[in-house]
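These protein sequences, in sequence, are chains R and C. Take the first sequence: its letter number 137 is residue 137 in our numbering, and every next letter is one higher. To convert, take the position in the second sequence, counting from 1, and add 654; that gives our numbering. Backbone N, C-alpha and C fix where the C-beta goes; we use that ideal spot for every residue, glycine too. Here the structure is a predicted model, which means the values were calculated and not measured. Here is the structure we will look at, set down as structure tokens.
2 protein chains.
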Amino acid sequence: LDISQVEDNHRQDSADLLIFIMLLTLTILTIWLFKHRRFRFLHETGLAMIYGVLVGVVLLYGVHVPRDISNATLSCHVNASPPTLLINVSGRFYEYTLKGEISASAISDVQDNEMLRKVTFDPEVFFNILLPPIIFHAGYSLKRRHFFRNMGSILAYAFLGTVISCFIIGLLMYGCVKLMKQVGQLDGDFFFTDCLLFGAIVSATDPVTVLAIFNELQVDVDLYALLFGESVLNDAVAVVLSSSIVSYQPEGDNHHTFEVMAVLKSFGVFLGVFSGSFALGVATGVMTFTKLRDFQLLETALFFLMSWSTFLLAEACGFTGVVAVLFCGITQAHYTFNNLSPESQDRTKQLFELLNFLAENFIFSYMGLALFTFQNHVFNPMFIVGAFLAVFLGRAANIYPLSFLLNLGRRNKISSNFQHMMMFAGLRGAMTFALSIRDTATYARQMMFTTTLLIVFFTVWVCGGGTTQMLSSVVICNRADVVFISVALISNSVGVDSDADNSGSERRSTKQESAWLFRIWYNFDHNYLKPILTHSGPPLTVTMPTCCGPLARCLTSPQAYENECQLKDDDSDLILAEGDISLSYGDITVSTDASGVHTSSGPAGTTTAAISADDLDRELSCGDHELVMRGTRLVLPMDDSEPPLVDPRHRMRM
Amino acid sequence: LDISQVEDNHRQDSADLLIFIMLLTLTILTIWLFKHRRFRFLHETGLAMIYGVLVGVVLLYGVHVPRDISNATLSCHVNASPPTLLINVSGRFYEYTLKGEISASAISDVQDNEMLRKVTFDPEVFFNILLPPIIFHAGYSLKRRHFFRNMGSILAYAFLGTVISCFIIGLLMYGCVKLMKQVGQLDGDFFFTDCLLFGAIVSATDPVTVLAIFNELQVDVDLYALLFGESVLNDAVAVVLSSSIVSYQPEGDNHHTFEVMAVLKSFGVFLGVFSGSFALGVATGVMTFTKLRDFQLLETALFFLMSWSTFLLAEACGFTGVVAVLFCGITQAHYTFNNLSPESQDRTKQLFELLNFLAENFIFSYMGLALFTFQNHVFNPMFIVGAFLAVFLGRAANIYPLSFLLNLGRRNKISSNFQHMMMFAGLRGAMTFALSIRDTATYARQMMFTTTLLIVFFTVWVCGGGTTQMLSSVVICNRADVVFISVALISNSVGVDSDADNSGSERRSTKQESAWLFRIWYNFDHNYLKPILTHSGPPLTVTMPTCCGPLARCLTSPQAYENECQLKDDDSDLILAEGDISLSYGDITVSTDASGVHTSSGPAGTTTAAISADDLDRELSCGDHELVMRGTRLVLPMDDSEPPLVDPRHRMRM
């Protein structure tokens, strides 16, 4: 009786999970078909959502598994809802765990379809299992020269812009809600904090979608850096913003009005949580100073575990795991990555790429499914129209004024085309969904969830699908550039690459003025942090003042001495394309000439080759490719029949 | 009130999970130290267990988190224990899900330490999440020539041997239990079916441990094949055996005695479930006929999802997921692997290797932890001594008589040294643990769990740690062999290797007689299945009778024609080292001369080099290396300074 029931349950669970796996498989097959045929009008995430919607419709109308009759309501005389419950059924004790509160109406209404109830996941799954790999991957693949170049603008968009957008949307929605109350369209409570929370939730633009779409198109590198950097960081901002709004919200207290003190308190919580998560992420990222180069499997496993434990540690400390994992990813890409063996660099990259791909497609499928299978939808046309308008205006109030202000400081202006593109490409995705599904207990939250879902659908299908057209209409892709690359092939893995574009000289002088903060940090990083934390860079004994000699000697790893005469690829990653920086140590000299082209002379010969602008663009516009191309890199096209003289330990990709 | 409670819970959960991650990290770091210093007296799995035990002691005596006061027992007047419960707490409805039954004694006794309760996982986690990757990896890395050579013996040990062992142990334990009842040492019921179940549980020897230990030692290839093959397959047998015993057990009925009809019925269930799982696994394995070679990420993701969906599908159909996943792995290694792009071959291999490593170490850590944190241990000295004796005798009754019978048919006898080694290396590990923790509700099951845990500890620490000594004492490692290898380097990835050992000629003639069944299958597989299911092998148009021409043409993939003049590495994997098989098609001829050494002549030149026996041994004795070495394979030692003329698309490992 009991065992067979448990077994039936288990079988049912397997079947439910199988639905999702099949959905993913179907999506992958269709993506392949699309890539094969070069369809571009619909993105793969949009596709996953369509399949999700279809399966949702089938589940809602096609399959009907009646709810177990024994799930009758118990009217127990308890005055609390403990997380664990022991029930005494005629002498035998059964343990029950709390799943959540159910609104009284839901029980009588739709709740009788067992299947729909089963395919509804615990919202925490999204936050604790599916988001971390996505966010980590974003951080891990963020290590782009162009990201660091546009650091200031990205930070402005991500922090200031998200906060502006959050408040604009919050205020507009508060007006909308007031109006609805007047018209009599609102059936429940909707406080100002709810409006602000809604603003925080829908302010997070999605790095996943941006990455996926722009990765395939050959888009301007600066636009890509701005969009991707902003969307990665504003996710973190939105998470912390929403959780500080929620934590401010006094429970049981109906005093949900605007107060300066409360806002300041929220701001304090925001800063505390954000900086805590940031510090934790960076600390664990730096700590993962692996020396296990000889055992790739151990190395990869350790890398994976450290990333995960960052997340858990942050959550256990009451910080935000997602933010910690983001900065852990960035730090690991910057420091730890250099300590890994070439094989582990490949492995970790591929592993996180796969996890990211699966998690991303799962979330988007689930979103499609949730449109029909989620049981507490509250479709309110007026709220939805208001929200679309507010989101549009909020994004506009983020991009245009900030761009205007930033352009005052930048000599390399963000053109109006760029601004329109950023406006258009502010897709909402996985993070927005995860934030909004986290709590759907009250009427207000349910309405917010439904509206958020529609916003995500609209932006992914319409904006995501139309990006290609939009890009070609505003002509941002700079395919006509002619780029020369000098590839230095020094015996033991040195690849130096650079890019020069039309506005090269103008841009260079801009940097000279605006990036002084960055320059200071770069020098500190290059001379002290990198030598301490990785085996690359100049030994500390060279860079530190002579008085610190003994300290320097004890902090420098033996390998750093071996590498002394090697210029590591990643160092040149950060070199600004300026004429005034010239690094020289050991017997290698890297100098940058006036046209922004690096020339490199080392003990081994150098090769110079011209490659097409398209090749370079593709390379630069995709963040995670860079991680691949870190061993000996050959950018020059070559015949298979003419194998080069290269150390076979290093792998080449072309 | 409510939200903060949930948050506290979440924080606590994160901290608990963090303990396990830290345990794993610690294990990895120590493993690295051990490998670095070349310690061999303790295996890494044993190490993981030791750390688990230490943390368990700390949790039990050092940390005391009192149980939440609100978890008081509710005495509800219900007459069932439904999987879902709706509780009406003063007008608000809360949903609770059933976690399991708790024995009345446990509630008052130890149950007050919340921490211990939290680190106890749902047993289903082991079966549904941790075991599948381990088992799949075992199947995926099983593709060894030596496995197929010893197929008959392996099947005999795995099927017949496990059943013998199960019944011997069951009968001995039944005697032991009877005795205990007489002496008054038994406090609860212990039926004959419980004894049989115990036999089935502890009969499963562990491929994980065998693989891990023998991988590093340079052991005789045939011994390795016998041990590894047996332990992989007997896991599957034990799972099905135990579940058919459980399904036979009539609930509520105390008539647990031996009946011929019941045994026959169990046998029927066994056959049904096993063949169902087998068919399902092979079917999905074959179905994964990927053609997505151009998109490695999609390919890897699809491969991963198909393996997982095999497991879920089997569970949903009421078969055994673990068995299905095993055969899915074997089939995919044999067919699908050839269709993958070289990059995906690496990726999938590395992915499953990592998953396997993490899951394995997690299980062993958890085992150590469970020794102290599991709340319902029943230590019964008499039962434990009886069980150790029974396990020893059961293993002996499996190995020695079967070896004797097999030796009647084999000309290449299994020497007594081999037999002692197989006896000694029958470690119990993850599978035994997962099977025994699956149900610990009754007194008998709790006693079985405790005893099983001790058996696992003993075998892993004593037998696992002593294997090196044992191996050197019975001198099975054949380091003195001199082996010549001819490596054929044909323009597009052909590597043929073979091994010849002391008893070469004797062994070859053995095969000629005993492996006729295998030969028929091999020919069928080579001529029909491989061409249909992969792009390798001769086109069907060549191998099929002329009358089936149109059918053959439509079943042959275009790539197979391109590959026509290539001899794929894996085909030669299965070629028996006999003088009478000579394959010839296209312009390549591979013939085997009398001394068992392949000579190969192709359009490109051939190279012959002598390599040390140690190198070859190491290569042959590790199953999963083979998966790596499938591109162009170079077995000859070479200087880095002299790069060979090889197509750079293919990767080399040395």
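Around C:LEU1008, the beta-carbon contacts reaching into chain R at under 9 Å are LEU297, THR300, ALA301, PHE304, ARG347, LEU351. Going by DSSP, R:ASP346 is part of the alpha helix (DSSP H) stretching over 342-373.
With a beta-carbon spacing of about 16 Å, R:THR450 and R:LEU116 fall beyond the 8 Å limit used to define contacts. By the Cβ neighbour-count rule, C:GLY922 is exposed, with fewer than 16 other Cβ atoms within 10 Å of its own. The beta carbons of C:SER857 and C:ALA892 sit closer together than 7 Å. When CB distances to chain R are screened at a threshold of 8 Å, not a single residue of the region 1044-1068 of chain C falls below it.
In this model, C:GLY716 and C:HIS1074 are separated by some 44 Å (Cα to Cα). Excluding five sequence positions before and after C:SER1090, the CB atoms of its chain that fall closer than 7 Å to its own CB belong to ILE855, MET1102, PHE1103, THR1106, given in chain order.
Note on the region 2-38 of chain R: there is no whole beta strand (DSSP E) run with a minimum of 3 residues. In the DSSP assignment, R:HIS420 falls within the unbroken alpha helix (DSSP H) covering 416-424. Between R:VAL378 and R:VAL55, the alpha-carbon positions lie close to 21 Å from each other. Here the region 843-853 of chain C makes no contact with the region 873-888 of chain C; the two share fewer than three CB pairs at distances below 8 Å. Within the region 680-697 of chain C, the residues whose Cβ lies closer than 9 Å to some Cβ of chain R are ILE682, LEU683, ILE685, TRP686, LYS689, HIS690, listed in chain order. By the Cβ-count criterion, C:HIS988 is buried, with 16 or more other Cβ atoms from all chains shown falling within 10 Å of its own Cβ. With respect to chain C, the C-beta atom of R:ARG438 has no partner C-beta closer than 7 Å. Our two residues, R:LEU454 and C:SER1019, have alpha carbons roughly 46 Å apart in a direct line. Linking R:SER309 to R:HIS137 through their CA atoms gives a straight-line distance of about 15 Å. Note on geometry: alpha-carbon atoms of C:LEU714 and C:ALA1024 lie some 11 Å from one another. For R:LYS181, the enclosing alpha helix (DSSP H) begins and ends at 162-183. For the region 308-334 of chain R, residues whose beta-carbon sits nearer than 9 Å to a beta-carbon of chain C comprise TRP308, SER309, PHE311, LEU312, LEU313, ALA314, GLU315, ALA316, CYS317, GLY318, GLY321.
Of all residues in the region 780-806 of chain C, only ASN782 place a beta-carbon less than 9 Å from a beta-carbon of chain R.
Shown here for C:ALA1044: same chain residues with a beta carbon closer than 6 Å to its own, the five before and five after excluded, namely ILE823, LEU826, MET827 in chain order. Nearest neighbour of R:THR162 by Cα position, chosen from R:GLU315, R:VAL460, R:ALA396, R:ALA444, turns out to be R:ALA396. Against R:ALA15, the close residues of chain C are LEU966, ALA970, in the order they occur along the chain (beta-carbon pairs closer than 8 Å).
Residue R:LEU406 holds the alpha-carbon nearest to the alpha-carbon of R:PHE418 among R:GLY465, R:PRO123, R:LEU406.
In the DSSP assignment, R:THR310 falls within the unbroken alpha helix (DSSP H) covering 296-317. In this structure, C:GLY1022 and C:MET703 form a Cβ contact; the two beta carbons are roughly 4 Å apart against a cut-off of 8 Å. The continuous stretches of alpha helix (DSSP H) do not include C:GLY1118, and DSSP gives it neither H nor E.
Annotation for R:ALA387: THR451 place their beta carbon closer than 6 Å to its own, counting only its chain and skipping 5 residues before and after. Within the same chain, and ignoring the five residues on either side of C:LEU1056 in sequence, the residues whose Cβ sits closer than 7 Å to its Cβ are ALA810, TYR811, LEU814, GLY815. Rounded to whole angstroms, the gap between the alpha carbons of R:GLU124 and R:ILE363 is 13 Å. Listed along the chain, the chain R residues whose CB falls inside 7 Å of the CB of C:LEU672 are SER309, LEU312, LEU313, ALA316. Between the alpha carbons of R:GLN332 and R:TYR522 lies a gap of roughly 17 Å.
Only residues of its own chain outside the window of five on either side were considered, and among them PRO132, ILE135, PHE136, THR310, PHE311 have a CB closer than 6 Å to the CB of R:VAL325, listed in chain order.
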